[in-house]
Amino acid sequence: MTSRDNRRLDLILAASLFALVALPWYRIRSGFFGLEWVPDFFSSEKLWPGLLQALNGKWQLLPILVLVAAAVGLRVMRKPGTRGAAMIAIGVSGLAWMLAEGLAIGLRGWNWGLLEALFGDVSGQPAFGAGALMVVTGFALMIAFGAAERGALKGDAFVLGAITLLILLVAVFVFYPLVSMFSGAFQEFDGSFTTEGVRRNIVDPKIWSLGCLAGGNCGVAWRTFFLAICTATGTTLLGLVFALVATRTGFRFKKSLRLLTVLPIITPPFVIGLALTMLLGRSGTLTNVIEVATGWELGRWLYGLTGIWIAQMLSFTPIAFLVLIGVVEGISPSMEEASQTLRSDRWRTFRKVTLPLLAPGLANAFLIGFIESMADFGNPLVLGGSGGVLSTEIFFAVVGAQNDPARAAILAMVLLFFTLSAFLAQRFWLTGRNFATVTGKGDGGRHISLPKRVAWPATTIAVAWAAFTITVYAMIVFGGFVKVWGLDHSLTFEHYIRAFGIGWDEGIRWTGVAWDSFWTTMEIALLAAPLTAAVGLLTAWLIVRQNFPGRSVFEFALMMSFAIPGTVIGISYIMAFNLPPLQMTGTAVILIACFVFRNMPVGVRGGVAAMSQLDGSLDEASLSLGAGSGRTMRKVILPLLRPAILAALVYSFVRAITSISAVIFLVSAKYNMATAYIVGLVENGEYGIAIAYSSVLILVMITVIGGFQLLVGDRRIRRREERVSPGSPINKEANA
0 MTSRDNRRLD LILAASLFAL VALPWYRIRS GFFGLEWVPD FFSSEKLWPG LLQALNGKWQ
60 LLPILVLVAA AVGLRVMRKP GTRGAAMIAI GVSGLAWMLA EGLAIGLRGW NWGLLEALFG
120 DVSGQPAFGA GALMVVTGFA LMIAFGAAER GALKGDAFVL GAITLLILLV AVFVFYPLVS
180 MFSGAFQEFD GSFTTEGVRR NIVDPKIWSL GCLAGGNCGV AWRTFFLAIC TATGTTLLGL
240 VFALVATRTG FRFKKSLRLL TVLPIITPPF VIGLALTMLL GRSGTLTNVI EVATGWELGR
300 WLYGLTGIWI AQMLSFTPIA FLVLIGVVEG ISPSMEEASQ TLRSDRWRTF RKVTLPLLAP
360 GLANAFLIGF IESMADFGNP LVLGGSGGVL STEIFFAVVG AQNDPARAAI LAMVLLFFTL
420 SAFLAQRFWL TGRNFATVTG KGDGGRHISL PKRVAWPATT IAVAWAAFTI TVYAMIVFGG
480 FVKVWGLDHS LTFEHYIRAF GIGWDEGIRW TGVAWDSFWT TMEIALLAAP LTAAVGLLTA
540 WLIVRQNFPG RSVFEFALMM SFAIPGTVIG ISYIMAFNLP PLQMTGTAVI LIACFVFRNM
600 PVGVRGGVAA MSQLDGSLDE ASLSLGAGSG RTMRKVILPL LRPAILAALV YSFVRAITSI
660 SAVIFLVSAK YNMATAYIVG LVENGEYGIA IAYSSVLILV MITVIGGFQL LVGDRRIRRR
720 EERVSPGSPI NKEANA
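Residue numbers for the sequence shown follow numbering that gives the first Met the number 0, so the first one is 0 and each next one is one higher.
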């Protein structure tokens, strides 16, 4: 035990010392991983490590050197078990000092005039670089190591280290941007403090009016809340229907049904809205057919909450399906067999056993649908008409003629109030209930089929919705092969050639206008997806399996990143990371960080729902056999979470490609994502190229999702049928 503790501390200290003496302390404009800085490492002061920077006049780095030296002294002078409190103190002091000096000193010196008056002039400093960030990580791990030595969480360093690093990441990429944005609500344009904007907007009747109860117009807050309730209810029910039909019926086209449920979620923004407009709009194809056949004049019924609701149902039902199918497949067959053994028919078994065990999945699907609807930006922007919702109102408050950051902040807080209230209601409903069905014991059953009174309506609804989805996507495909969608329907390949043309001139030349953004999007999405899945599932394991102080607050913080509309996330990231101490605007890192912490809650909720079905005795058995928490997570838990892993990978990859509301603020000339490029095409009226680009993205996403499926595999908890030879010992024992 002593040698293992020393090895852990040695690794932490070695990494911190290496960062201080061998890595650039400040940010490199050309990028750290390009290694272009290596030849000039010693000749350029800007590239020097922390040790040389401190010796060259950066006095604010001297306390960091002292703290790291003190940690090394503890390693040498004290025995394991006697240095925990001191190590915690060093880690906390190091993080606090780096936070204070990073925020206080900017590019031109002190960031606040009071500090300049108290301490005099100071030379400016750029944003933190690789060396500083590694030392910050080292200080955080020192806190975890010290807590482990003092016996916290049974001295489990893996769990403590994971919790500490996740708290640090959430603080940096969730709370810090929010604080930066909300602080802007109390500032005038010259930076002075004011409360006028907040007082004016907090009582605005356009936000809180209940005039709809008297036949008038509702405020934007209640309009958004009503839409979110309708969308969450509809997507949860449809997701359950598709999950049951795909797993519990003899429906012949299950694979096609699964593909159709996933199609809307892999569709770039605005495309579904455009397709619905061409199909059901005032001059839409289906609208004209209905008017000719019935004589009804449908008018502009699609524009408003009705159209947004239909588009959101198409867009978010796949999310509910991805959450619920893992939960439906995760129910132990023996539970249903036990019910039938006690003479219950299939209807009673479904109603009394299957449905109650689906409760965590249903609650999570509803919560995600509610939050997705609240935060949706693309569909309301296309189909909202005169009835805006919170996300679009926030957008126009920031980038429109209003230019009112205080109003944007108030609207964001209203949205947070609704989403966090839904989260609390979900937790209250699930508190005290146990849904574990996989216990580690031998499982010798098969899932029962749906009773006919459920199977027939479910199949009918699934087929009808699938037909509607096919019709919408037929319009999308059609739009990519006609010259001018809605005007000139002559067939052409011109849009695909302009977008993805390939030439040959002493080698392949990517002549299409979409190639640059396409390769950038694929690279960033493939980097963000596994990181999102890993962080999300690790967090879910900590929430479900570990009992640590502040666990509920920690879970709240994660949901906040998902609850805030992407518009606000994008703006808050720009405000937080455009200046030191962390400067990431215009880089790929800010896009990856945004995707990871924006989409991670889906992996968390899916992991929580799946892990609620795994009995805690599985972990205890592994730990009692001498495995550590890390090995238990890797060898026992992860193989049983394959549906949740697949859902997290698929969702995070797809959202990295299809996200628009946050991305549109974070892209740069060097890193231009596909969705931002498509928005530009739509704004320029080039619908054909936009649809052609979207169609190619859909095909690519389907291919990558299939690759994820093959890579992750299936979770097998049912009995496997095997051929047994007549002379085998097993067969002899059975005959005996």
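For each residue, glycine too, the CB sits at the ideal point set by N, CA and C. Quick caveat: nothing in here was measured; it's all calculated off a predicted structure.
With contact defined as three or more Cβ pairs closer than 8 Å, the segment 566-581 and the segment 530-543 are not in contact. Under the three-state reduction of DSSP, V666 is assigned to coil, being neither helix nor strand. Proximity to R198 across L209, F185, G210 peaks at F185, based on C-alpha coordinates. The Cβ atoms of I475 and V270 lie closer than 7 Å to each other.
The beta carbon of V219 sits closer than 7 Å to those of K205, I206, G387, V388, L389, E392, all from its chain and outside the five residues before and after it, given in chain order. G535 places its beta carbon less than 7 Å from that of A647.
Within the DSSP bridge table, the entry for F17 names no partner.
For the options A319, W484, F707, L578, the alpha carbon positioned closest to that of P263 is the one of A319. For a cut-off of 8 Å, the C-beta gap from A274 to V471 is around 5 Å, short enough to register as a contact. Under the 10 Å beta carbon count, L140 is surrounded by 16 or more other beta carbons and is classified as buried.
At a Cβ-Cβ threshold of 7 Å, A457 and V695 do not count as neighbours. The beta carbons of L46 and P23 sit closer together than 7 Å. Excluding the 5 residues flanking it on each side, R7 has same chain C-beta neighbours closer than 7 Å at F144, A156, in chain order. For S372, the enclosing alpha helix (DSSP H) begins and ends at 358-374.
Contact check between the segment 279-295 and the segment 348-364: fewer than three CB pairs, one atom from each, fall below 8 Å, which does not count as touching. Taking a C-beta distance under 7 Å as the contact criterion, S651 and P267 do not qualify as a contact pair.
In this structure, D614 is the residue among L414, T674, G625, D614 with its C-alpha nearest to the C-alpha of G329.
For S372, the closest C-alpha among the options A231, A88, A292, G705 is that of A231. Cα atoms of V322 and N200: separation of roughly 37 Å, rounded to the nearest angstrom. DSSP, read as helix, strand or coil, puts S571 in helix. With fewer than 16 neighbouring CB atoms inside 10 Å of its own CB, W503 falls in the exposed class. The criterion of a C-beta distance shorter than 7 Å is satisfied by L19 and L50. At a Cβ-Cβ threshold of 7 Å, G478 and I690 count as neighbours. Scanning Y175, E35, F138 for the CA closest to the CA of T163 turns up F138.
In the structure shown, the three-state DSSP call for I507 is strand.
Distances from the alpha-carbon of L640 to those of A626, G605, V649 put G605 closest.
Three or more beta-carbon pairs separated by less than 8 Å are not found between the segment 505-525 and the segment 628-637, which leaves the two stretches without contact.
Residue A587 holds the alpha-carbon nearest to the alpha-carbon of L525 among A587, I563, W514. Contact check for I688 against L698 fails: the beta carbons are separated by 7 Å or more.
Shown here, F192 sits in a strand according to DSSP, grouped into three states. Under the DSSP assignment, V483 falls in the beta strand (DSSP E) whose first and last residues are 481-483. Remark: C-beta atoms of A310 and N378 approach each other more closely than 7 Å.
Contact between S122 and M574 fails: their C-beta atoms lie close to 25 Å from each other, not under 8 Å.
Between M86 and E148 a beta carbon distance of about 7 Å is seen, short of the 8 Å cut, so the two are scored as contacting. Of the other Cβ atoms in all chains shown, fewer than 16 fall within 10 Å of the Cβ of A292; this residue is therefore exposed.
With a minimum length of 4 residues, the unbroken runs of alpha helix (DSSP H) contained wholly in the segment 623-698 fall at 628-631, 641-657, 662-665, 673-682.
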